[in-house]
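To keep things clear, I will list the structure first and then write my remarks on it.
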Amino acid sequence: MQYWLFKSEFATFSISDLAHAPNQATTWEGVRNYQARNFLRDDINVGDQAFFYHSTSQYSKYSPPGIVGIIEVVKSGYPDDSAFDPNSRYFDPKSCREKPTWYQVDVRLVKSFTHYVGLDLIKASPELKDMVVARKGNRLSISKVTPDEWNFICFFLSRGKTVEQWW
DNA sequence: GCCAACGTTGGC
DNA sequence: GCCAACGTTGGC
């Protein structure tokens with residue numbers, strides 16, 4: 002069992018979209034980065050849990066960006082169908098069904114937070130400062146989270162406070 | 001809206 | 001294999 006962090010832009014697919022999806026589940030499609038693809042194809046297993054992270058976007062209600070929920074993997078890596086669909090924004094003519102370039106997993110919502118863990122708090126916490134998402138210029142949309150980082154963040158969330166209240 | 005940082009592409 | 005140019009991401 003491993004822990005991960007999945008990024009999504011608020012305007013593209015929000016935690017609210019997931020909460021309202023059938024069975025509160027979705028296909029995590031459209032990842033077009035090789036390092037993240039390798040995670041999806043080779044390393045992410047059923048039962049793995051991940052933080053749902055909203056990065057900065059124009060319409061996001063989350064400012065600063067941050068971790069807004071927990072999701073669980075319900076189907077491990079399989080070819081990303083959106084790459085084969087000319088009408089999809091994720092269409093990639095170089096990927097074919099015989100030898101797919103891109104992979105996806107299926108996830109379901111475990112928990113949506115009322116109080117989220119903002120990037121400012123992540124950066125300000127010595128326990129979290131090594132998280133991939135805290136690194137300058139980081140663009141990796143799927144990254145590993147250590148058990149210590151996971152537990153620390155869950156501890157924060159169990160306090161039930163907003164970032165402002167905590168500080 | 002700006003721009004730094006990054007990943008990918010393509011010419012050589 | 002190098003690296004400049006380009007397009008994109010994402011914090012602010």
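Quick note: the first sequence uses the working numbering, first residue 2, plus one each step.
All C-beta atoms in this analysis are idealised placements derived from N, C-alpha and C, irrespective of residue type, glycine included.
The model shown is predicted, which means the values in this text are computed figures rather than measured ones.
For the 8 Å CB-CB criterion, S89 and S83 form a contact. The Cβ atoms of V118 and Y4 do not sit closer than 8 Å to each other.
Here the alpha carbon of V108 sits roughly 11 Å from the alpha carbon of N46. Distance between H21 and E73, taken at the CA atoms: about 16 Å. Burial check for F156: the Cβ neighbour count within 10 Å stays below 16, so the residue is exposed.
With a threshold of 16 other beta carbon atoms within 10 Å, P23 falls short and is exposed. Rounded to the nearest whole angstrom, the C-alpha separation of K124 and I71 is 20 Å. Restricted to the region 6-43, the beta strand (DSSP E) segments that are unbroken, complete and at least 3 residues in length are 26-29, listed in chain order. Between I68 and the set G138, M2, M132, K137, the nearest pair of CA atoms involves M132.
In the structure shown, I45 adopts coil according to DSSP, grouped into three states. In this structure, F52 places its C-beta atom within 8 Å of the C-beta atom of L6. R109 is bridged by DSSP to A26, E73. Pairing F92 with K130, the inter-Cα distance amounts to about 36 Å. Rounded to whole angstroms, the separation of the alpha carbons of L141 and N34 is 8 Å. One alpha carbon belongs to R98, the other to L122, and they sit about 43 Å apart. About 6 Å separates the CB atoms of H55 and S9; that is less than 8 Å, so the two are in contact.
In the DSSP assignment, H55 forms a beta bridge with S9, G67.
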